[in-house]
Amino acid sequence: QGEGRVISKEAKKDFDKAAERFKEAEKVGWNDDNCKKVHKDFLDVADDHNNMVEAMYNAAVVLRRCGKSSESLNAFEKVLKLYPKHQPSTVYLAVFAFEKGDEGQGEGYIKQAVAAGGNTPEVAPAYVNAAILLRKRGRAGATDGFSKAQDNLRRALAIDSRNMAALTQLAMLYFDVATIQKKSSYLTLAMLVCSQGIKIDPEYGPIYHVLGQIHLQKAELVDALKAFGTAIAKDPSLFESHVNYAAINLNFRGYQEAKSSFEKAISLNPKSYDAHIGLGVALRGLEDFAGAKAEYRKAADIDPKRTDYIFNLGVLEMDYTNTGDAAGYDKAKDVFKKFLGSLASSHKVDPDGKGPLLSWQAKAEARIASCDKAKKQIAEAEKEMAEVAKLQATQKAREEEMVRKAKELEAKEAAGQQAPGEGAAPAPTAAPTPPTK
Numbered sequence: 027q028g029e030g031r032v033i034s035k036e037a038k039k040d041f042d043k044a045a046e047r048f049k050e051a052e053k054v055g056w057n058d059d060n061c062k063k064v065h066k067d068f069l070d071v072a073d074d075h076n077n078m079v080e081a082m083y084n085a086a087v088v089l090r091r092c093g094k095s096s097e098s099l100n101a102f103e104k105v106l107k108l109y110p111k112h113q114p115s116t117v118y119l120a121v122f123a124f125e126k127g128d129e130g131q132g133e134g135y136i137k138q139a140v141a142a143g144g145n146t147p148e149v150a151p152a153y154v155n156a157a158i159l160l161r162k163r164g165r166a167g168a169t170d171g172f173s174k175a176q177d178n179l180r181r182a183l184a185i186d187s188r189n190m191a192a193l194t195q196l197a198m199l200y201f202d203v204a205t206i207q208k209k210s211s212y213l214t215l216a217m218l219v220c221s222q223g224i225k226i227d228p229e230y231g232p233i234y235h236v237l238g239q240i241h242l243q244k245a246e247l248v249d250a251l252k253a254f255g256t257a258i259a260k261d262p263s264l265f266e267s268h269v270n271y272a273a274i275n276l277n278f279r280g281y282q283e284a285k286s287s288f289e290k291a292i293s294l295n296p297k298s299y300d301a302h303i304g305l306g307v308a309l310r311g312l313e314d315f316a317g318a319k320a321e322y323r324k325a326a327d328i329d330p331k332r333t334d335y336i337f338n339l340g341v342l343e344m345d346y347t348n349t350g351d352a353a354g355y356d357k358a359k360d361v362f363k364k365f366l367g368s369l370a371s372s373h374k375v376d377p378d379g380k381g382p383l384l385s386w387q388a389k390a391e392a393r394i395a396s397c398d399k400a401k402k403q404i405a406e407a408e409k410e411m412a413e414v415a416k417l418q419a420t421q422k423a424r425e426e427e428m429v430r431k432a433k434e435l436e437a438k439e440a441a442g443q444q445a446p447g448e449g450a451a452p453a454p455t456a457a458p459t460p461p462t463k
């Protein structure tokens, strides 16, 4: 950064190669392997080309993407020691400040970023990143989180009215206000912002994700599915779009499509409990019961404190691998009892606000009652079948006796014997001779 700075063709070529590998890692998802490689790529560019600020900055961003927060912070601070007016690095210091709850320091860094370059498009990300964190605080209950986030997004859009990140965040902000603060008119505002953003850049994937969220909130599942599908087609790195797209497909019994999207989501975020549970449900629908059980177990390994995987194991035992006898229902019942023995507070509350019978606890209790009812029906059916079998045996014995007697009678007749009580027919007598005259 700096006026009059000349970048050699060789430096630009090396940087572009590292940048391409960065983009590829963004698409496939960050892991230990590409984190190390791409970070080293940018460090090598910086070392080979006189501490090239862009390379140093991107090396710090890689650390941030890979979850190495403290190392990333140190790297951004190192950039600013060499280039005190580097706006993007100052923006990240603001992000770190907001994340640790120091709003004053965060706003100070934003002002510093603005002062470094004035109200230029380069400073818009400072306002957007601040808005992202303030919106999260609003979602967590901070009374002024949403209003301050809105102020920062308006500043960003005043500088750059076509800034897609700012428009997307503004749409998400309105969505949050509509759903959390129950102000339905903001859902319309969110939709209008999405429409505006799509007109500006129809290839920007995240704006379609917000549109999908809006349709989902309005129970417009087909439109939501289309929006999430477009989002991941435009930007395959959108983890939440993959999850939502897969979840809606589950509702339509599109198990193969759901499976593919959950697998992509897991490739982006292997530690997602919900994605593994969703993949298990999709595999269950495809009758891969062993695979479903394996995914539920993976979810349990990710977060042992979340026990809703046990409920899913119970459903698998009750509805899919059940042998149909009393022992099968006993096995399923034991799993649901295990779930009730490890209830979290969230399992006792209806997540949709539609009534207590929809809580996970109530569902498990209803499942146990169904198991007991099924066992009772099986016992009654077995009793009835035993009675029927007994009647059938008696009837069979009677039929066999009748057949035996019939055969005996046929044998006697064949031997010329008379039936008891019967005599020989009398011989005919001659007619009397009429008298002669």
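For the sequence shown, our numbering assigns the number 27 to the initial residue and increments by one for each residue that follows. A virtual CB, placed ideally from N, CA and C, is assigned to each residue, including glycine. All of these numbers come straight from a predicted model, not from anything done at the bench.
Three-way DSSP call (helix, strand, coil) for residue i in this model
{"i": "I33", "result": "coil"}
{"i": "T116", "result": "helix"}
{"i": "T455", "result": "Since pLDDT at T455 reaches only 48, below the 50 mark, its modelled position is unreliable, and the value read off the structure follows with that caveat. Coil, per DSSP."}
{"i": "M78", "result": "coil"}
{"i": "W56", "result": "coil"}
{"i": "T347", "result": "coil"}
{"i": "E129", "result": "helix"}
{"i": "L312", "result": "coil"}
{"i": "V219", "result": "helix"}
{"i": "F278", "result": "coil"}
{"i": "Q464", "result": "Past the edges of the chain, shown from 27 to 463, lies residue 464, and the structure says nothing about it."}
{"i": "N295", "result": "coil"}
{"i": "G167", "result": "coil"}
{"i": "G442", "result": "coil"}
{"i": "K193", "result": "As written in the sequence, residue 193 is Leu, which differs from the Lys given in the question. Three-state result, L193: helix."}
{"i": "V375", "result": "coil"}
C-alpha gap between residue i and residue j, whole angstroms
{"i": "N53", "j": "A395", "result": "The sequence as given places Lys at residue 53; Asn does not occur at that position. Taking the straight line joining both Cα atoms gives about 47 angstroms."}
{"i": "A44", "j": "Q113", "result": "21 angstroms"}
{"i": "A405", "j": "M411", "result": "10 angstroms"}
{"i": "A176", "j": "K290", "result": "Here residue 176 is Gln; the residue named in the question, Ala, does not match the sequence. Cα-Cα distance, rounded: 33 angstroms."}
{"i": "A320", "j": "Y212", "result": "42 angstroms"}
{"i": "L465", "j": "K374", "result": "Because residue 465 is not part of the residues shown, which for the chain are 27 to 463, the question remains open."}
{"i": "G442", "j": "M428", "result": "22 angstroms"}
{"i": "F254", "j": "Y234", "result": "6 angstroms"}
{"i": "A200", "j": "S173", "result": "Sequence inspection shows Tyr at residue 200; the Ala mentioned does not correspond to that position. One C-alpha to the other measures close to 11 angstroms."}
{"i": "G238", "j": "K252", "result": "8 angstroms"}
{"i": "K438", "j": "E408", "result": "45 angstroms"}
{"i": "A85", "j": "V71", "result": "10 angstroms"}
{"i": "A139", "j": "F124", "result": "15 angstroms"}
{"i": "A316", "j": "R393", "result": "22 angstroms"}
{"i": "K39", "j": "K62", "result": "21 angstroms"}
{"i": "D73", "j": "E80", "result": "12 angstroms"}
{"i": "G134", "j": "R163", "result": "18 angstroms"}
{"i": "L196", "j": "A216", "result": "7 angstroms"}
{"i": "K35", "j": "E46", "result": "16 angstroms"}
Burial state of residue i (16 or more Cβ within 10 Å)
{"i": "S298", "result": "buried"}
{"i": "K49", "result": "exposed"}
{"i": "I33", "result": "exposed"}
{"i": "V307", "result": "buried"}
{"i": "I258", "result": "buried"}
{"i": "Q421", "result": "exposed"}
{"i": "G167", "result": "exposed"}
{"i": "G343", "result": "With the sequence shown as reference, residue 343 is identified as Glu, and Gly is not the correct amino acid for it. Buried: at least 16 other Cβ atoms inside 10 Å."}
{"i": "F275", "result": "Reading off the sequence shown, one finds Asn at residue 275, where the question assumed Phe. Buried: at least 16 other Cβ atoms inside 10 Å."}
{"i": "V248", "result": "exposed"}
{"i": "Q403", "result": "exposed"}
{"i": "T455", "result": "Low per-residue confidence applies at T455: pLDDT is 48, beneath 50, and the placement is therefore not dependable enough to give any value."}
Residue i versus the options, residue with shortest Cα-Cα distance
{"i": "R332", "options": "D227, G367, H75 and D356", "result": "G367"}
{"i": "Y335", "options": "D345, D327 and Y322", "result": "Y322"}
{"i": "V88", "options": "T169, D73 and K66", "result": "K66"}
{"i": "L159", "options": "D128, A320, N77 and I258", "result": "D128"}
{"i": "R310", "options": "R279, I292, S287 and P296", "result": "R279"}
{"i": "L119", "options": "L417, K104, H75 and L99", "result": "L99"}
{"i": "F102", "options": "Y83, S95 and K94", "result": "Y83"}
{"i": "V361", "options": "S371, N348 and S372", "result": "N348"}
{"i": "A353", "options": "E266, L312 and C397", "result": "C397"}
{"i": "F10", "options": "D59, D42, D58 and R91", "result": "As displayed, the chain neither begins before 27 nor continues past 463, which places residue 10 out of reach and without an answer."}
{"i": "A142", "options": "A157, T169 and P110", "result": "P110"}
Contact test: residue i Cβ vs the ligand NAP heavy atom, cutoff 7 angstroms
{"i": "S286", "result": "Of ligands this structure carries none, so the ligand NAP is not represented either."}
8 angstroms contact criterion, which residue i and residue j should meet: CB distance rounded
{"i": "L183", "j": "V219", "result": "Not really, about 10 angstroms apart at Cβ, beyond 8 angstroms."}
{"i": "V269", "j": "G223", "result": "Between G223 and V269 the Cβ distance is about 22 angstroms, and since that is not below 8 angstroms, they are no contact."}
{"i": "A5", "j": "V154", "result": "A query on residue 5 cannot be resolved here, the shown segment of the chain reaching from 27 to 463 and no further."}
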